[in-house]
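A.B. asks:
There are 2 protein chains.
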Amino acid sequence: MSRDRPTEDGLIARFFAPLAGPGADGMRDDAATLTPSPGCDLVLTADAIVAGVHFFPDDPPASIARKALGVNFSDLAAKGAAPRGILLTLALPDDWTESWLAAFAAGLGDGLADFGGALLGGDTVRAAGPLSIGVTALGEVPTGTMVRRMTARVGDVLCVSGTIGDAALGLALRRSPPADWGAPLGEEARAALIDRYWHPRPRLGLGPLLRHYARASMDISDGLAGDLAKMLAGEGRCAEIRVADVPLSSAAAAAVALRPDLMETVLTGGDDYEILCAVPPDVLDACREEARAVGLPLRAIGTVTSGEGAPVFVAANGLRTTFGAGSFSHF
Amino acid sequence: MSRDRPTEDGLIARFFAPLAGPGADGMRDDAATLTPSPGCDLVLTADAIVAGVHFFPDDPPASIARKALGVNFSDLAAKGAAPRGILLTLALPDDWTESWLAAFAAGLGDGLADFGGALLGGDTVRAAGPLSIGVTALGEVPTGTMVRRMTARVGDVLCVSGTIGDAALGLALRRSPPADWGAPLGEEARAALIDRYWHPRPRLGLGPLLRHYARASMDISDGLAGDLAKMLAGEGRCAEIRVADVPLSSAAAAAVALRPDLMETVLTGGDDYEILCAVPPDVLDACREEARAVGLPLRAIGTVTSGEGAPVFVAANGLRTTFGAGSFSHF
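Here it is in structure tokens:
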């Protein structure tokens, strides 16, 4: 690093020590301690986001921080876990600035305050490449209650939280040049979709009811179609989804009304960070009632069927579509 | 990714699922569970290594894996913790190959088998930059016994494990062109020093006695001089180190005999991954006796003194040197 730049320890003290959790000793040590609450398992997940792949280098730094946090806490939410903390690895390109880092740390602090959890450790390295942000998130669940991804059974009802496709449409609007359907869509709808691309909303409030009712759960990060296929891979399971029941925001519905082919983007695009869960039919009503009660309604969109192959999306006119190879992949 | 490349899930199943720990469900979920042993705290640390900064892109992939693991487990060792597992984030450049990844995973598996712990999760992302490897390591200690970095007191004896400076000399030999003192040093010594650069040896066997005897402890990753300064920063503490007592390997001693100015590299260079600890004088003999008994002798190299400023290195002839700004920094 150049001489006029502060040391790594100086950066940590200034920007990250204020976010440190009780076991992290103000980030003045090489490790932190954490003890799960009595009767709890820790739940661990790690996801990295990279400039030019998962976000735009000129996205607002606070939004980038919130995304790094949100994509990880979304995994915790899907597993039924409550956040305890994170470890953060920042690979900074040569042109980083202190003002960027200050805004990033502020966004991270706001996200931790909103979602729960504290900063427990991390590392800052210089990399002659794009900015890359790795987060390891730690949450907890009552012992033995983590909700698994692969445990859905034939006959289970498939439900999703929130609305699907917004972030993928937001990404299309964020690109240069932006998608041509943005202009007729209008300013407010454009902003709503881009906001969903920037700011994942980990559905942590669903944790308790997922632990209670869901047979299987995952978050939708790589597109509904692709993630459904991942959830049901092997063991003779497939899915049938009623396209008309997939919940759309008013902005996404307006975009699809303008350009019906965008429905494929909605169903296969990434970055939803909504919950996809499989609920046994006999507890479906109770599960959805509790979801409404916490303000995070779950929509039933289809069922787990027996069979092999990609999930089948059935349109209102009866047309059946699969998106085997079309699934969005960050990789 | 290009069409002829396997999917991320395929890569994980092939190379990383065999390393998965019991709570990781064969890496088929988005999160893993972990429960500390009864009566234990978890100890958490995260360190990333980047090609061109912390290792050479053409270093053997198994050695790179071992380094990513070793630098993190070295932190656990210094804190008195026993490894439980890791989460791994791989940012792969565009030119990665399956054979590279296979060798990397094999090295990682060997390291986990040698040191303890299992793979608990991770993420693989594509990055248009250098290969970067982030590891979050989890260990455990009996509740409340993690050994802190900043808690040394004036009068404590400063001890180090192993030998100091080998990796920094190994790095000089690994560069292109290699250091000119390599030729007279001879093949065997060169190989020994480069081996120390490639393969950190986390001193996990010292954990129990560090918890029992050490008032403070850290691992030496950024050079003895700089890390001593970090350990003693603030609170009116300084250190006086007897240079003649700093333990050197026969290879490092031979290099210093050829070129006495290399002693500065030894004292300030990075990548030692030895333990630096502060031991109260009244338990020093017992501590060192136990260290010998586990085959990892500790050498007393100086004491914590009262004062301010950089640690003082006292040569056999009485000459006193400090390395305030000369300390090695990866950042």
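Listed in order, the protein sequences are those of chains A and B.
If you count the first sequence from 1, position 274 lands on 617 in the working numbering, and the numbers rise without skipping.
If you count the second sequence from 1, position 71 lands on 414 in the working numbering, and the numbers rise without skipping.
Just so you know, even glycine gets a beta-carbon here, dropped at the ideal spot from N, CA and C.
1. Using the beta-carbon of each residue, which ones in chain E are nearer than 7 Å to B:S406?
2. If you compare alpha carbons, which of B:C383, B:A434, B:F399, B:C581 is closest to B:A425?
3. A:I563 to A:G661, Cα distance in whole Å?
4. What does the alpha-carbon distance come out to for the pair B:R491 and B:Y556?
5. Are three or more beta carbon pairs between the segment 372-392 of chain B and the segment 375-395 of chain A nearer than 8 Å?
6. Please say whether B:A375 and B:G364 have beta carbons closer to each other than 8 Å?
7. Out of B:A559, B:R554, B:L512, state which residue places its alpha-carbon closest to the alpha-carbon of B:D538.
8. Buried or exposed for A:E530, going by 16 or more other Cβ atoms inside 10 Å?
9. What number of angstroms, rounded off, separates the C-alpha of B:A587 from the C-alpha of B:M606?
10. Go to B:P551, then tell me how far its alpha helix (DSSP H) extends in each direction, as first and last residue.
11. Assuming contact is defined by CB atoms lying nearer than 8 Å, are B:M489 and B:K422 in contact in what I supplied?
12. Can you tell me where the beta strand (DSSP E) holding B:F501 begins and where it ends?
13. Can you give the beta carbon distance from B:G428 to B:G460, rounded, assuming they're within the 8 Å contact cut?
14. Tell me, please, whether the CB atom of B:G459 is closer than 8 Å to any CB atom in chain A?
15. DSSP beta-bridge partners for B:M561?
16. Go ahead and pull the three-state DSSP assignment for A:G513.
17. With burial defined as no fewer than 16 other Cβ atoms inside 10 Å of the residue's Cβ, what is the status of A:A568: buried or exposed?
18. Along the alpha helix (DSSP H) that carries B:S380, what are the first and last residues, could you check?
19. Looking at the strands, I want to know which residues DSSP matches up with A:V393.
20. Output, in sequence order along the chain, the residues in the segment 357-387 of chain A whose CB is closer than 9 Å to any CB in chain B.
21. Within the same chain, show all residues whose beta-carbon is closer than 8 Å to that of B:D510, passing over the 5 residues directly before and after it, in chain order.
22. Near B:F666, what residues of its chain come up, given a Cβ to Cβ distance below 6 Å and the 5 sequence neighbours on each side ignored?
23. Listing by chain order, which chain A residues have their CB less than 7 Å from the CB of B:S475?
24. Please classify A:P603: is it buried, with 16 or more other beta-carbons within 10 angstroms of its beta-carbon, or exposed?
25. Would you check if the segment 519-526 of chain B and the segment 492-508 of chain B touch, i.e. whether three or more CB-CB distances between them fall below 8 Å?
26. Looking at A:P624: is its Cβ nearer than 8 Å to the Cβ of A:V497?
27. Taking CB distances under 8 Å as the criterion, tell me whether B:G395 reaches chain A.
28. Which of the three DSSP states, helix, strand or coil, is assigned to A:V497?
29. Are A:L385 and A:L430 close, meaning C-beta to C-beta below 8 Å?
30. Just the chain A side, please: which residues come within less than 8 Å of B:L419 by C-beta, in chain order?
31. Output the distance between the C-alpha atoms of A:V503 and B:S475, rounded to the nearest integer angstrom.
32. Just checking: is the beta-carbon of A:D438 within a distance shorter than 8 Å of some beta-carbon in chain B?
33. How would you call B:A526, buried or exposed, if buried means at least 16 neighbouring beta carbons within 10 angstroms?
34. Under three-state DSSP, which class holds A:T388?
35. Classify A:A526 as helix, strand or coil using the three-state DSSP reduction.
36. Between the Cα of A:M370 and those of B:A480, B:A356, B:L387, spot the shortest distance and give me the residue it belongs to.
C.D. replies: The relevant details are as follows:
1. This model lacks chain E altogether, as its protein chains are A and B.
2. It is B:C383.
3. 25 Å
4. 12 Å
5. yes
6. yes
7. Ranking B:A559, B:R554, B:L512 by Cα distance to B:D538 puts B:L512 first.
8. exposed
9. 11 Å
10. Counting along the chain, the unbroken alpha helix (DSSP H) around B:P551 starts and ends at 550-556.
11. yes
12. In the sequence as displayed, the identity of residue 501 of chain B is Leu instead of Phe. Unbroken beta strand (DSSP E) run through B:L501: 500-504.
13. 5 Å
14. no
15. B:L619
16. helix
17. buried
18. Careful: B:S380 lies outside any alpha helix (DSSP H) and carries neither H nor E.
19. Looking at the DSSP assignment, A:V393 forms a beta bridge with A:S475.
20. Closer than 9 Å at the C-beta level to chain B, one finds these residues of the segment 357-387 of chain A: G366, A367, D368, R371, D372, D373, A374, A375, T376, L377, T378, P379, C383, D384, L385, V386, L387.
21. According to the sequence as given, residue 510 of chain B is Ala; it is not Asp. The residues are L536, R539, Y540, P543, G612, G613, D614, D615, Y616.
22. A568, T611
23. In chain order: A434, A470, S475.
24. exposed
25. Contact fails: fewer than three Cβ-Cβ distances are below 8 Å.
26. No; because the gap between Cβ atoms is not below 8 Å, this pair is not in contact.
27. yes
28. Looking at A:V497 - three-state DSSP - the assignment turns out to be coil, as it is neither helix nor strand.
29. no
30. Ordered by position in chain A, the residues that pass the 8 Å Cβ test against B:L419 are A374.
31. 35 Å
32. With 8 Å as the cut-off, A:D438 does not count as an interface residue toward chain B.
33. exposed
34. strand
35. helix
36. B:L387
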